[in-house]
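To start, the structure under review is shown below, and the notes come after it.
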Amino acid sequence: MFGLIEKTGEKSRYHVSDIGRMGCFLVAAIAGVFKPPFRFRATLEQLREIGVNSVGVIFFTALFTGMVLGLQGYYTLRKFGSEGMLGSAVALSLLRELGPVLTALMVTGRAGSAMCAEIGIMRNSEQIDALECMAVDPFRYLVAPKFLATMIAIPVLTLIFNVVGIFGGYIAGVGLLGVNPGAFVSGMQASVVNKDISLGIIKSLAFALIVVWVCTGRGYYVHRIRGAGFGAEGVSRVTTQAVVISSIMVLVWDYLITAVLL
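Going by this note's numbering, 324 is the number at position 261 of the sequence shown; the sequence numbering is gapless.
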């Protein structure tokens, strides 16, 4: 009985201290973004890695997501004789929910895991310790460019996702199922308002912060995470953990933001 209580207390203390570490990491990372000298070239390189190299994945994910929405929406709306509202259903689903969420999940799997593994390897090989010994702030040097690039890239990728997804819904609904193109476009124009667009932008910014915070933070503290171990195996476990935690937090905050702002 006492052993169970001791283990429960030990795990609780570890999780509380882990939350505190991640909170301190977020504050230090944001402070590093505003600390000169600014690393514009490194930020551009991260933009290329996180944003430009993710366009292909985002494009195909958005295209087929929009086409599936077009097919499912058509067969659902046809039961009520409302096929003309297909454009509205596709656009609102993408702008409010699927665009920001799926973009964040795709970027987490493709770029977030890479960020976590990169920083985790640097921590295990003592490169971060070497930076600190040379009085170089690792948050400004390593983390700040990734923060800036992610906060820029994910909203832009979300916009691309929305546009391509609506186009995919148009292809499925108008091109394959014969929905009137005028009804598709007019329904979308009549139902989409500025609040829907701003909600998607707010979500994309929140998800970008979550992804870069969790992925870089887990890599930075790879040596303090219980059960991670050292070497390549430890980095792989922490990278998997970062992707899972980021994905769950994106879905949780999607609900919270929707509940508060709708």
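Glycine included, C-beta positions come from ideal geometry on N, C-alpha and C.
Quick caveat: nothing in here was measured; it's all calculated off a predicted structure.
Taking E146 as the centre and dropping the five residues before and after it, the same chain places the C-beta of Y137, L140, V242 closer than 7 Å to its C-beta, in chain order. Within the same chain, and ignoring the five residues on either side of L239 in sequence, no residue has its Cβ closer than 7 Å to its Cβ.
Residue range 294 to 324 is occupied by the alpha helix (DSSP H) that includes D317. Counting only unbroken stretches of 4 or more residues, the alpha helix (DSSP H) elements lying wholly within the segment 155 to 239 are 162 to 170, 176 to 187, 190 to 196, 207 to 233, in sequence order. For P100, no alpha helix (DSSP H) run applies, since DSSP gives it neither H nor E.
Burial state of G245 is exposed, judged by a 10 Å Cβ sphere holding fewer than 16 other Cβ atoms. Approximately 18 Å separates the beta-carbon atoms of L161 and G250; this is outside 8 Å, ruling out the contact. A Cβ-Cβ distance of about 12 Å is found for the pair L324 and I260, leaving them out of contact under the 8 Å criterion. By the neighbour-count criterion, in which 16 or more other beta carbons inside 10 Å mark a residue as buried, I113 falls on the buried side.
Bounds of any alpha helix (DSSP H) do not take in V255, whose DSSP letter is neither H nor E. Contact annotation: the segment 165 to 172 does not touch the segment 100 to 108, with fewer than three C-beta pairs closer than 8 Å. For the 8 Å CB-CB criterion, A235 and M312 do not form a contact.
Here the alpha carbon of L134 sits roughly 10 Å from the alpha carbon of F127. Scanning A91, T302, A322 for the CA closest to the CA of V274 turns up T302. The Cβ-Cβ distance between A269 and M214 does not fall below 8 Å. Burial state of C87 is exposed, judged by a 10 Å Cβ sphere holding fewer than 16 other Cβ atoms. Residue burial is scored here from C-beta neighbours: Y77 has fewer than 16 other C-beta atoms within 10 angstroms and is therefore classed as exposed. If you draw a straight line from the Cα of L67 to the Cα of I82, it is about 23 Å long.
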